[in-house]
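Chains A, B and C, in that order, give the protein sequences. If you want the working numbering, it's the 1-based position in the first sequence plus 64. If you want the working numbering, it's the 1-based position in the second sequence plus 2. If you want the working numbering, it's the 1-based position in the third sequence plus 130. Scroll down for the structure; my scribbles are underneath it.
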Amino acid sequence: MATEQSQSATTTQDEPDEDIVMSVRNMRVSFDMSRGQAWVINDVDMDIRREEILAVVGESGSGKSMFAAGLLDAVEDPGVLTGDITYYPDDAERDQTEVIGSFDTTDDSEVDVLGLSGDELQAFRWEKVSMVFQGAMNSWNPTMKVKGHFHETVQAHNAVLEDRMDHVKDLFEALHLDYDRVMTSYPHELSGGIKQRALIALSLVLEPEVLVMDEPTAALDLLMQRSIISMLRDLRDEFNLTILFITHDLPLVGGLADRIGVMYAFEFVEVGDTRQLLKDASHPYTRALLRSVPSIDSDLEEMRPIEGQRPDPVNIPNGCSFHPRCPIADDRCEIEDPDLVGTDDDLQAACFYPDSARSEIPYTLANETMEDDR
Amino acid sequence: MALTHMRYYVRRIAQSAFTMLSGLFLTYALYRIIPGSPLQNIIADIVERQRQSGGQIDSEQIARIAETMTGINPDEPIIVGFFDYVAGIVLQGDFGTSILYQRPVFDILFSAMPWSIFLSVYGLMLGITMTLLFGVLMAWHEGSVLDKGGTVTILLVQSIPYYVVAIVMLSFLAFQWGLFPSGGRAPRAATPGFNLEFMIGILYHASLPILSTFLVGFGAGAIGMRANTVSIVGSDYLRSARLRGVSTNRILTRYLTRNAILPLYTGFVIGIGALFSSNVITEQIFAYQGAGWFLFEAATNTDYPLVMGSFIFFGGVTVMGILIADLTYGLIDPRAESGSTRESF
Amino acid sequence: MSNKEPKRDGGVTQESIFGSGDESERSRSSPAQRLRRSYNFYLKTPFAVAWSDWRTRIGGIGILFYILMGTVGVLITPEARLNEGDYFVQPFVNMQYPLGTDHLGRDILSLAVHSTPAMLKMALAGLIFAVGLAIIFGMIAGYKGGMLDNLMMTVADVFIVLPGLPLIIVLSAIFTPRDAFIVGAILSISAWPRLARELRSQVLALRSEDFVEASRAMGISTPTIVGQELVPKVAPYMLIRGAGAAVGVIRNSVALYFLGILPFSSENWGVMLNQAYGQANAVQTPSRTYLMILPLVLLSGMLFSAILFSQGLDRVFNPRLRARNSEGSREEDGGDGGAGAI
Numbered sequence: 065m066a067t068e069q070s071q072s073a074t075t076t077q078d079e080p081d082e083d084i085v086m087s088v089r090n091m092r093v094s095f096d097m098s099r100g101q102a103w104v105i106n107d108v109d110m111d112i113r114r115e116e117i118l119a120v121v122g123e124s125g126s127g128k129s130m131f132a133a134g135l136l137d138a139v140e141d142p143g144v145l146t147g148d149i150t151y152y153p154d155d156a157e158r159d160q161t162e163v164i165g166s167f168d169t170t171d172d173s174e175v176d177v178l179g180l181s182g183d184e185l186q187a188f189r190w191e192k193v194s195m196v197f198q199g200a201m202n203s204w205n206p207t208m209k210v211k212g213h214f215h216e217t218v219q220a221h222n223a224v225l226e227d228r229m230d231h232v233k234d235l236f237e238a239l240h241l242d243y244d245r246v247m248t249s250y251p252h253e254l255s256g257g258i259k260q261r262a263l264i265a266l267s268l269v270l271e272p273e274v275l276v277m278d279e280p281t282a283a284l285d286l287l288m289q290r291s292i293i294s295m296l297r298d299l300r301d302e303f304n305l306t307i308l309f310i311t312h313d314l315p316l317v318g319g320l321a322d323r324i325g326v327m328y329a330f331e332f333v334e335v336g337d338t339r340q341l342l343k344d345a346s347h348p349y350t351r352a353l354l355r356s357v358p359s360i361d362s363d364l365e366e367m368r369p370i371e372g373q374r375p376d377p378v379n380i381p382n383g384c385s386f387h388p389r390c391p392i393a394d395d396r397c398e399i400e401d402p403d404l405v406g407t408d409d410d411l412q413a414a415c416f417y418p419d420s421a422r423s424e425i426p427y428t429l430a431n432e433t434m435e436d437d438r
Numbered sequence: 003m004a005l006t007h008m009r010y011y012v013r014r015i016a017q018s019a020f021t022m023l024s025g026l027f028l029t030y031a032l033y034r035i036i037p038g039s040p041l042q043n044i045i046a047d048i049v050e051r052q053r054q055s056g057g058q059i060d061s062e063q064i065a066r067i068a069e070t071m072t073g074i075n076p077d078e079p080i081i082v083g084f085f086d087y088v089a090g091i092v093l094q095g096d097f098g099t100s101i102l103y104q105r106p107v108f109d110i111l112f113s114a115m116p117w118s119i120f121l122s123v124y125g126l127m128l129g130i131t132m133t134l135l136f137g138v139l140m141a142w143h144e145g146s147v148l149d150k151g152g153t154v155t156i157l158l159v160q161s162i163p164y165y166v167v168a169i170v171m172l173s174f175l176a177f178q179w180g181l182f183p184s185g186g187r188a189p190r191a192a193t194p195g196f197n198l199e200f201m202i203g204i205l206y207h208a209s210l211p212i213l214s215t216f217l218v219g220f221g222a223g224a225i226g227m228r229a230n231t232v233s234i235v236g237s238d239y240l241r242s243a244r245l246r247g248v249s250t251n252r253i254l255t256r257y258l259t260r261n262a263i264l265p266l267y268t269g270f271v272i273g274i275g276a277l278f279s280s281n282v283i284t285e286q287i288f289a290y291q292g293a294g295w296f297l298f299e300a301a302t303n304t305d306y307p308l309v310m311g312s313f314i315f316f317g318g319v320t321v322m323g324i325l326i327a328d329l330t331y332g333l334i335d336p337r338a339e340s341g342s343t344r345e346s347f
Numbered sequence: 131m132s133n134k135e136p137k138r139d140g141g142v143t144q145e146s147i148f149g150s151g152d153e154s155e156r157s158r159s160s161p162a163q164r165l166r167r168s169y170n171f172y173l174k175t176p177f178a179v180a181w182s183d184w185r186t187r188i189g190g191i192g193i194l195f196y197i198l199m200g201t202v203g204v205l206i207t208p209e210a211r212l213n214e215g216d217y218f219v220q221p222f223v224n225m226q227y228p229l230g231t232d233h234l235g236r237d238i239l240s241l242a243v244h245s246t247p248a249m250l251k252m253a254l255a256g257l258i259f260a261v262g263l264a265i266i267f268g269m270i271a272g273y274k275g276g277m278l279d280n281l282m283m284t285v286a287d288v289f290i291v292l293p294g295l296p297l298i299i300v301l302s303a304i305f306t307p308r309d310a311f312i313v314g315a316i317l318s319i320s321a322w323p324r325l326a327r328e329l330r331s332q333v334l335a336l337r338s339e340d341f342v343e344a345s346r347a348m349g350i351s352t353p354t355i356v357g358q359e360l361v362p363k364v365a366p367y368m369l370i371r372g373a374g375a376a377v378g379v380i381r382n383s384v385a386l387y388f389l390g391i392l393p394f395s396s397e398n399w400g401v402m403l404n405q406a407y408g409q410a411n412a413v414q415t416p417s418r419t420y421l422m423i424l425p426l427v428l429l430s431g432m433l434f435s436a437i438l439f440s441q442g443l444d445r446v447f448n449p450r451l452r453a454r455n456s457e458g459s460r461e462e463d464g465g466d467g468g469a470g471a472i
């Protein structure tokens, strides 16, 4: 399994680290298809640190959305989710006398998410971990006003309406939304950007610990994207949130995320500190990915797409899943599947030859990707 | 904004009135100009008799006799005749006199209308409730026994015509087993009025026809409802509601039913017109003297004024149904803007 | 770079961004290959898909049964003659008249069988007229738009407003049609306007799609666009709705024959019902009820088959299903959950 290093992405310990709010072990999601069994999440381990912003980056179909859904045990039929997903409420939460909603964590130091009963799961979702889907446009009931959505969510969790709506007022302020106007509108009367921000507020109405966001900015224009990114940072600081941000757009999260996890072929191939990863990634896929990002600053010859085609979940390659497309792959890569291994301070990659990767696959990162607008 | 709304309403109403008039004109013209039409036959008949009696053929006299018999003056050009007819209605409320019954058409229909409406409204209410129930539940339990069994049931209901069921019910339940009355609107023995015996009697007599009417509307709507609901079940906002912990009950009503109805709503309201029309057959089978029954009698006995009058009634119901559907759609679907490119039929 | 053959090389996902990649082969294949491909596309695959769905299978068999009855059956069964048997022989008593005889001593079975061609003719006429008028009005109005559109739709509206059944009754009373085809045509009057409007909606939606704009930009003529691009796309829908119209025509026709509005011209089930009701008093007399049952069952059967078949047709035209079946793989619904959910 993974080797241990201080500040490593995954740790195998008996005692939950104060740092970790959710941990995932041996996560698998499979679908039975007529042509075979499809593994859309292929044995994934990951730790999510408290109050970090973790970006999960990958191509379409790499499994990122599945991973996000899995954290809430929300993988839709006929998909089958297995593994260990554990939630660690922090001390402050355990001691708190006032509980928002019905999920009671006063006694537990850890919660086995996949083992929760129906009612417990219903309470767990949105009170501890909530989610913002792709496509804010479609997450709203077209015949119900925005405030209806908030009210029904609060009522479903037996929370105090007035308190919650006061909290929502604060959220709206942080998200630059006009409370009165948005609340009394129907979804179709609002623009995409407003809907997306209101959706974020809706996901935070019960003050969860963890917020999972699946491509929240995909359908929005660049300016709106940027402004939502900075709002997210403010939200994290103000409300002590942990954010899991799923995207295919690597440069977008360069300035936002604390850590980045790169997914390929339904598992993580590189995880670590954003700056380190972007400056000098250690996995061939990551490096090739960064090389393919169009940028005004780099030479034309340097930018190259990754050759080959993405893997089929029914037919995942033997050995290292990237080897068919990897410029430095050798025989060992065809047979053995590398685990995540530390390659730097806070960086891990699933590759046997990270140094080779670094030398063989050069790239220049555009300045704006490294921009730090913290 | 309100002004454009008003303009849209006015335009729609004017449109409806126009189509209504056009339709009426068509029927009016048919009666007059088609060779072999009742009017022509009557005229030929009169002319023949006059000739035989050796008298002069007085066209004015012919016209007068024909008019008494059919209510139309054959000398008048069609357009003028039609105009007269409409003017008579609008200005004097005079729908002509029924040849068969020798009473004003208006009186006949006015007293018969409530009975037809009674049948249709109850049948419709039953039909809509069952449609919604079936449609939503079947979609919610998609693929289950309930779903598959329900689909087959609905298919059966759709393929056995309502009048077949009516005949069978009449045959067994009414005549052979005597469980239900075999005809008529009300029990003969009871005195008309708001007394209990009469009221119950009315319901009793109406139950089989209402059942038959209900069958008219049930089948197709349920399948459509199910299809719509299925597509909503797979939608993002439903998934979001489920993840947020919203109760199943609320999802079924506020999310599924409320949204699945939208495409069907217009069809529902327009279907009211079709429902009324089917009354013609139902009422015949059960000897139920509603407006449909009178239309039938009028048509088979070439009672021209009564036919026209019934047409106005039925057409009017259809037109109003369409109007109501169009104008109220905006009430149930917040996304609809009246007067937009949305197809109203 | 490795040059050994890997056991699994990662394969390829079914979709790639720029199409399935086999279009490049099409231009270089021989006419024979193209013919085989057309055959597969237009005949074999739809048939395979249709067969796989229980609804089209059963419905199709049903329809076939009725067609057979109307053609072969008519040839086999002798026509019913007056007084060929005793009056009111009960069914299953005398094997010469397996389903009994009526008030005129005619064999019920042969009456029923010989009624079928008339019913089929009516259905066909209804379908052709309803769909035909709908296509003319709907497609032209939808595609051309403007004044023509307004005019045509006004005409359609007038017919929608005119109460269908009453109108048909009145027309039947005036014209007393005898020929089955004409009856079918008259009965379709109430169905075509709704179809026309629906077709127009579809055409309106399609018209604004990119491929139409592209075709126009390329200078392709209107009839070609309508014929080659639009018609195939609306054809499935029209077929299904047309079947619905045919069902309505039969349903109404039997009702009208039963009520005596349509004149007796040939044997048909409605007439049988009418005679059972009027002459034999079948409604009130249990021993005579069998006279009503056979036509009712036959009628329901035909409607059931038609409705089932048209429901199943829906699936035939679902492209995803066609692809699965043409590959030859067994498939049940929901099998592609994986690709869609990622």
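Beta carbons are placed, not taken as given, at the ideal position from N, Cα and C, and that holds for glycine. This one's a predicted model, so the numbers in the text were calculated from it and none came from an experiment.
Q | Own chain partners of B/Phe84 with C-beta closer than 7 Å, once the 5 adjacent residues on each side are dropped | A | For this step, residue 84 of chain B is matched to residue 82 along the second sequence. The answer, listed in chain order, is Phe27, Tyr30.
Q. Under the three-state reduction of DSSP, which class applies to C/Glu209: helix, strand or coil?
A. Residue mapping note: residue 209 of chain C aligns to position 79 of the third sequence, counting from 1. Coil.
Q: Could you pull out every residue in the same chain whose Cβ sits closer than 6 Å to the Cβ of A/Arg261, ignoring the five residues on either side in sequence?
A: Taking the first residue of the first sequence as position 1, residue 261 of chain A is located at position 197. Apart from the 5 residues on each side of it in sequence, A/Arg261 sits with its Cβ closer than 6 Å to the Cβ of Leu239, Leu241 in its chain, given in chain order.
Q.
Let's see if you can read the secondary structure: which residues bound the alpha helix (DSSP H) around C/Ser245?
A. Counting from one through the third sequence, the residue named residue 245 of chain C turns up at place 115. Its alpha helix (DSSP H) spans residues 238-264.
(Q) Distance check for B/Leu172 and B/Gly185, CA to CA, integer angstroms please. (A) Here residue 185 of chain B is taken as the residue at index 183 of the second sequence, counted from 1. Here residue 172 of chain B is taken as the residue at index 170 of the second sequence, counted from 1. Distance between the alpha carbons of B/Gly185 and B/Leu172 is about 9 Å.
Q.
In the DSSP output, which residue or residues are listed as bridge partners for A/Asn106?
A. By one-based count along the first sequence, residue 106 of chain A stands at place 42. Bridge partners of A/Asn106: A/Arg92.
Q: Within 10 angstroms of the Cβ of C/Val356, are there 16 or more other Cβ atoms? Answer buried if so, exposed if not.
A: Taking the first residue of the third sequence as 1, we reach residue 356 of chain C at position 226. That one is buried.
Q | Where B/Tyr239 meets chain A, residues with beta-carbon distance less than 7 Å | A | Taking the first residue of the second sequence as position 1, residue 239 of chain B is located at position 237. Contact note: B/Tyr239 reaches chain A through Asn202, Ser203, Trp204, Asn205, using a C-beta cutoff of 7 Å and chain order.
Q: Leaving out five residues on either side along the sequence, give the residues of the same chain with a beta carbon under 8 Å from the beta carbon of B/Tyr165.
A: Position 163 of the second sequence holds residue 165 of chain B. Once the five neighbours on either side are set aside, the close Cβ partners of B/Tyr165 are Ser214, Ile283, Thr284, Ile287.
**Q.** Paired residues, beta bridge with A/Met195 - DSSP
**A.** The sequence position of residue 195 of chain A within the first sequence is 131, counting from 1. Partner(s): A/Val276.
Q) Would A/Ile84 count as contacting chain B if we go by Cβ distances under 7 Å? A) Mapped onto the first sequence, residue 84 of chain A falls at position 20. Not an interface residue.
Q. Comparing the C-beta of C/Ile437 with each C-beta of chain B, is any distance below 7 Å?
A. Taking the third sequence and counting its residues from 1, one reaches residue 437 of chain C at position 307. It does; some Cβ of chain B falls within 7 Å.
Q | Beta-carbon proximity of C/Val384 to C/Gly400, cut-off 7 Å | A | Here residue 384 of chain C is taken as the residue at index 254 of the third sequence, counted from 1. Here residue 400 of chain C is taken as the residue at index 270 of the third sequence, counted from 1. A contact, by the Cβ cut-off of 7 Å.
**Q.** chain B within 7 Å of A/Arg476, Cβ atoms only
**A.** Chain A is shown from 65 up to 438; residue 476 of chain A falls before or after that span and cannot be answered.
Q: Would you give the residue range spanned by the alpha helix (DSSP H) that B/Met115 belongs to?
A: Taking the second sequence and counting its residues from 1, the one referred to as residue 115 of chain B is at position 113. Looking at the DSSP string, the run of the alpha helix (DSSP H) that includes B/Met115 is 107-142.
**Q.** the region 209-241 of chain C: positions lying closer than 9 Å to chain B by Cβ
**A.** Cβ contacts with chain B: none found.
(Q) Is there a C-beta anywhere in chain E that falls below 7 Å from the one on C/Leu205? (A) No chain E appears in this structure, whose protein chains are A, B and C.
Q. Applying a beta-carbon distance threshold of less than 8 Å, which residues of chain B neighbour A/Trp103?
A. To locate residue 103 of chain A, count along the first sequence from 1; it is residue 39. Near A/Trp103 there are no residues of chain B at all, since even the closest Cβ is about 23 Å away, more than 8 Å.
(Q) Please report whether the beta-carbon of A/Tyr152 lies at a distance below 7 Å from any beta-carbon of chain B. (A) For the purposes of this step, residue 152 of chain A is taken as the residue at position 88 of the first sequence. No, its Cβ sits nowhere closer than 7 Å to a Cβ of chain B.
Q: Might you give, ordered along the chain, the residues of its own chain that have their beta carbon closer than 8 Å to the beta carbon of A/Leu270, omitting 5 neighbours on each side?
A: Working through the first sequence from its first residue, we reach residue 270 of chain A at position 206. Hits under 8 Å: Ile164, Gly165, Trp190, Glu191, Ser194, Thr217, Val218, His221, Ala223, Arg228.
Q) By the 10 Å Cβ neighbour count, where 16 or more other Cβ atoms means buried, how is C/Asp237 classified, buried or exposed? A) Position 107 of the third sequence, counted from the first residue, corresponds to residue 237 of chain C. Counting Cβ neighbours within 10 Å, C/Asp237 comes out buried, since at least 16 surround it.
**Q.** Rounded distance between the beta-carbons of C/Gly235 and C/Leu212, thought under 8 Å
**A.** As a first step, residue 212 of chain C is located in the third sequence; it is residue number 82 there, counting from the start. As a first step, residue 235 of chain C is located in the third sequence; it is residue number 105 there, counting from the start. Their Cβ separation, rounded to whole angstroms, is 6 Å, which keeps C/Leu212 and C/Gly235 in contact under 8 Å.
**Q.** Spatial neighbours of A/Ala187 in its chain, beta-carbon cut-off 8 Å, leaving aside the 5 residues before and after
**A.** Taking the first residue of the first sequence as position 1, residue 187 of chain A is located at position 123. Taking A/Ala187 as the centre and dropping the five residues before and after it, the same chain places the C-beta of Gly165, Ser166, Phe167, His221 closer than 8 Å to its C-beta, in chain order.
Q: Find out if the Cβ-Cβ distance for the pair B/Gly25, C/Leu428 is shorter than 7 Å.
A: Position 23 of the second sequence, counting from 1, holds the residue named residue 25 of chain B. Position 298 of the third sequence, counting from 1, holds the residue named residue 428 of chain C. Their beta carbons are not under 7 Å apart, which means B/Gly25 does not touch C/Leu428 by this criterion.
Q. Which residues share a DSSP beta bridge with B/Gly25?
A. Locating residue 25 of chain B in the second sequence gives position 23, counting from the first residue. According to DSSP, B/Gly25 bridges with nothing at all.
Q. Alpha helix (DSSP H) containing A/Thr217: first to last residue?
A. Position 153 of the first sequence, counting from 1, holds the residue named residue 217 of chain A. Start and end: 210-220.
Q: Could you tell me if C/Tyr217 is buried or exposed, where buried requires 16 or more neighbouring beta carbons within 10 angstroms of its beta carbon?
A: Residue numbering aside, residue 217 of chain C sits at position 87 when the third sequence is read from its first letter. So C/Tyr217 ends up on the exposed side.
(Q) Since B/Val138 and B/Thr259 should fall inside the 8 Å C-beta cutoff, what is the C-beta to C-beta distance between them, to a whole number of angstroms? (A) For this step, residue 138 of chain B is matched to residue 136 along the second sequence. For this step, residue 259 of chain B is matched to residue 257 along the second sequence. Distance from B/Val138 to B/Thr259 at the Cβ level is roughly 5 Å; contact confirmed, criterion being Cβ atoms closer than 8 Å.
Q: Compare the Cα-Cα distances from A/Val276 to each of A/Leu263, A/Val121, A/Ile307, A/Ile293 and report the closest residue.
A: Position 212 of the first sequence, counted from the start, is the residue given in the question as residue 276 of chain A. Among A/Leu263, A/Val121, A/Ile307, A/Ile293, the Cα nearest to that of A/Val276 is on A/Ile307.
Q | Closer than 8 Å at the beta carbon, the chain A residues around B/Gly247 | A | In the second sequence, counting from the first residue as 1, residue 247 of chain B sits at position 245. Residues of chain A passing the Cβ test: Gln186, Ala187, Arg189, Trp190, Thr217, Ala220, His221.
Q: Using a cut-off of 7 Å between C-beta atoms, extract the partners of A/Ala138 located in chain B.
A: To locate residue 138 of chain A, count along the first sequence from 1; it is residue 74. Per Cβ cutoff of 7 Å: Leu245.
Q. Cα-Cα, which of A/Ser94, A/Val121, A/Met86 is closest to A/Gly325?
A. Looking up residue 325 of chain A in the first sequence gives position 261. Checked all of A/Ser94, A/Val121, A/Met86; the closest Cα to A/Gly325 is A/Val121.
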